[in-house]
Amino acid sequence: MNAPRLPVLRSDSAARQWFAGLPSSRTGQFFGNHQSLSVIVGMSIATAILPFIVLLPPFSGFGNQTDFVDGFAQAGVWVLLAIGLNVVVGLAGLLDLGYAAFFAIGAYTYAYGASPFSGNHIPFWPMLLVGAAVAAMFGLLLGAPTLRLRGDYLAIVTLGFGEIVPVVFNNSDQYTNGTNGITALYQPIIPFTSTSFGFGNPVPYYLTVAAIIAIAMALLYRLQDSRLGRAWMAVREDELAAASMGINTVTTKLLAFAIGASTSGLAGVYLSSKLAIVSPTQFGFTVSFTVLAMVVLGGMGNIWGVAAGAFVIYEIQSQGLKQLDGFVGSWFPNGLPVVGHVEFLNYQYLLYGLALVGMMLLRPEGLFPSRRRRAELHDVDDSAAANEELVEP
Amino acid sequence: MSDQTGQPVLRTVGLTKAFGGLVAVKSVDFDVAPGSITSLIGPNGAGKTTLFNVVAGLYEPTSGHVEFLGRRMIAANERSWLEPVFWILPAALMWALTYLAAGAGAPTNLVQVMVLVGLGILIASLITAVIRPAWYDRMLVRVGIFKSARPNDMVTAGIGRTFQNIRLFANMTAIENVLVGMHGKLKASPLDAILRTPSQVKEERHSTDEARRLLNYVGLVGREDELARNLPYGDQRRLEIARALATKPKLLLLDEPTAGMNPSETAAMMTLFGRIKTELSLPILLIEHDMRVVMGISDRVTVLDHGEKISEGTPAQVRADSRVIEAYLGKGAA
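Quick mapping for you: the protein sequence lines, in order, are chains A and B. Reminder that position 112 of the first sequence reads as 112 in the numbering used here, one-by-one numbering, no gaps. Remember, the numbering used here sits 1000 above the position in the second sequence when you count from 1.
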């Protein structure tokens, strides 16, 4: 057999799917095989373009450029959380409802490392790694006792963990300053200078989070295409069969928890440095739930899709719905045709909920689904089509 | 590949498995000789699949044991109450040291750090115990603690299997299914994957080529990138065999591999088994209901009924055994 040599199979290479449509298939081939490069190039382009897109009409009605860039810098946190949770939920199929706990742990790690409260002043950049490592450790700690659980039962235990962590931070006043949280965290310093990031200018934060996301995404793509990524998928598909193929399901699941948690830890360190404050109220159940919604809506299992989904949902939620009043007001100064003046801000969550319900009805596989997931969810249609074929002679 | 000394590849000794009051397998002794095809037959509910699952490490036996390549792999746990000592011992040592240090007047900060390190050690030992790496099991054996092998340990030792009701990874492609089978033989760590080290890249390329070769071997040409769920039934069975072969087994367990196939597909499957036996000199343990398959390719046949072994021998011997005829057709038929 001398079959043409196919390139090494990469699961769901979004880059390849995108570039496949381009006239030069060689470019598609190149970016399909050099995923890390395509992630970094893609992120750079997006990072460069986004601040200027918002100057164009539909967006410019929602706010000025600085507000937008600040919003993007904030959205980056959610993108990181979503691609981290995607490892646990999308790849390994472990339903984790307590993901905010690792976010909190990352944030508090930075608070201990760099605040007047603790008296330490460790620079931001090494603290990123420390935060990720500490969160990963707690990921292992949570993972170990839940190994035998699946589905709903796992969700309940992780939900409990997610509730316990903020409560612990809230009640151990002596170590965490309780409800008031730890304030005045030190700002990151621009590398190779002595200039601090500062509060007024969101650009350094924006660039930082874009870089963190690009690196995290490149590494996660590499993991997904490796032996470990296949093991995650196998465990998701059929745990018993995976064990019968020589996969140590224990190690595999623990690694999913640890790697997912470490990404969340990165997000925590970054967010606490940006806000310069951590308090237990930031890490409630809503965070875990919102991130899960982002993963599902973005397209579970597809890293690019999940990242884009998180970004879009955050922007709709924070920028879109919040500024809808002003936007609609500028078009209809005398109120909307039938209903008159509507305070959209009051209906923010109603509209968000409607958007979620609509999404689930119209595109249950998410905005940017992975190939597998689409196949899974459209199985019914396919078999129906097959039956029709059988009926017709 | 197989042992040529005549020692059996697989041997079960007095193997019993009870689910509550139901004894599914009752004190069964049987061997699989190197390079042979051994069939396990019996009426429905005779305990064949249970026996298979015990051998594959899915169930822990109630009594008796399984030897694989001369090594006792599966048996009821022994002295497992002693195991927690190993979880606590390292941390206890650390804390004893802390106690001594505190007594000798070490600064409070140091003592606090030492207590925390002890806690870290405790957590690390507990997680090691959950993961159960090979060295941990060997350490336990040295002090007389025996823990039955898990399915993945049996695969590492050299047992590849297929399932009665196909259990492929439905939403993964054919080639990915085979690559998962190779999991245990690949060495790259997650760190290698992150750094994409040359050895990892090379390993991935080799394993992909190897997987493609295996798919061709079982007769799945040009279907590498198709999702397993979309393959026709017969091809799914073939893919399961390819996936089992990918674990580089020293014994292949096939659970009703021709169930639901038409005569020509069955014949093709039998040819494949023959090739696996001769070309790969791989012994096969087969559960099968189709007597044409059993009588056509088996070297040895073992008959189970109500969990007990009622007959054993060459196909001709078994066919003539009155107890076998009785088990299948009822008293009076013999």
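Beta carbons: idealized from backbone N, C-alpha and C, even for Gly. Every value quoted in this text rests on a predicted model; they were computed, and no experiment measured them.
- With fewer than 16 neighbouring CB atoms inside 10 Å of its own CB, B/MET1291 falls in the exposed class.
- Under the three-pair Cβ rule at 8 Å, the region 1097-1114 of chain B does not count as touching the region 1032-1050 of chain B.
- Taking all protein chains in view, the Cβ of B/TYR1059 is crowded by 16 or more other Cβ atoms within 10 Å, so the residue is classified as buried.
- For A/TRP125, the number of other beta carbons within 10 angstroms of its own is below 16, and it is reported as exposed.
- Closest option to B/SER1298, judged by alpha-carbon separation, among B/ASP1225, B/TRP1135, B/ALA1033 and B/VAL1028: B/ALA1033.
- Between the region 222-242 of chain A and the region 78-96 of chain A, the count of C-beta pairs closer than 8 Å reaches three or more; the two stretches touch.
- Against chain A, the CB of B/MET1172 has a partner CB under 8 Å away; the residue lies at that interface.
- One Cα belongs to B/VAL1009, the other to B/ARG1300, and the distance between them is close to 14 Å.
- Contact annotation: A/VAL295 and A/ALA82 have beta-carbon atoms nearer than 8 Å.
- Taking 8 Å as the CB threshold, A/ILE247 lines the interface with chain B.
- For B/ARG1238 against B/LEU1220, the beta-carbon gap comes to about 6 Å, under 8 Å, which counts as contact.
- Remark: fewer than three beta-carbon pairs, one from each stretch, lie closer than 8 Å, so the region 202-211 of chain A and the region 140-157 of chain A are not flagged as touching.
- In this structure, B/GLY1042 is the residue among B/LEU1215, B/GLU1226 and B/GLY1042 with its C-alpha nearest to the C-alpha of B/ALA1327.
- DSSP places A/PHE169 inside the alpha helix (DSSP H), whose first and last residues are 151-171.
- Taken through DSSP and simplified to helix, strand or coil, A/LYS253 comes out as helix.
- For A/ARG230, the residues of chain B that pass the 8 Å Cβ criterion are MET1172, GLU1176, LEU1179, VAL1180 and HIS1183, in the order they occur in the chain.
- When Cβ-Cβ separations below 8 Å define contact, B/ILE1131 makes contact with chain A.
- For A/TRP331, the number of other beta carbons within 10 angstroms of its own is below 16, and it is reported as exposed.
- The beta carbon of B/ALA1211 sits closer than 6 Å to the beta carbons of ILE1175, VAL1178 and LEU1179 from its chain, once the five residues preceding and following it are set aside; these are given in chain order.
- The three-state secondary structure of B/ALA1046, taken from DSSP, is coil.
- Interface annotation, A/SER244: in contact with chain B, CB-CB separation under 8 Å.
- Looking at the backbone, the Cα of A/ALA101 and that of A/THR251 are separated by about 21 Å.
- In this structure B/TRP1135 is exposed. Its beta-carbon is surrounded by fewer than 16 other beta-carbon atoms within 10 angstroms.
- With a threshold of 8 Å between beta carbons, B/PRO1151 makes contact with chain A.
- Within the region 230-285 of chain A, the complete alpha helix (DSSP H) segments at least 4 residues long are 239-243 and 249-275, listed from N- to C-terminus.
- Straight through space, the alpha carbons of A/ASN86 and A/LEU220 are spaced by roughly 10 Å.
- Beyond the five residues adjoining it in sequence on each side, A/THR249 comes within less than 7 Å, by CB distance, of VAL235, GLU239, ALA242 and ALA243 in the same chain, given in chain order.
- With respect to the 8 Å criterion, B/LEU1286 and B/PRO1249 are not classified as neighbours on the basis of their beta carbons.
- According to the DSSP assignment, B/MET1073 belongs to the beta strand (DSSP E) that extends over 1071-1075.
- Residue-level contact check: B/PHE1169 touches chain A, since one or more beta carbons of chain A fall below 8 Å from its beta carbon.
- For A/MET233, the nearest beta carbon of chain B is closer than 8 Å to its own beta carbon.
- Not a single C-beta of chain A is nearer than 8 Å to the C-beta of B/LEU1110.
- An exposed status is given to B/THR1314, since fewer than 16 other beta-carbon atoms sit within 10 Å of its beta-carbon.
- DSSP, reduced to helix, strand and coil, places A/ILE190 outside both helices and strands of the structure shown, so it counts as coil.
- Within chain A, LEU140, ALA144 and LEU254 have C-beta atoms less than 8 Å from the C-beta of B/ILE1127, given in sequence order.
- A/VAL87 does not reach chain B, its nearest Cβ partner there being about 11 Å away, counting only Cβ pairs nearer than 7 Å.
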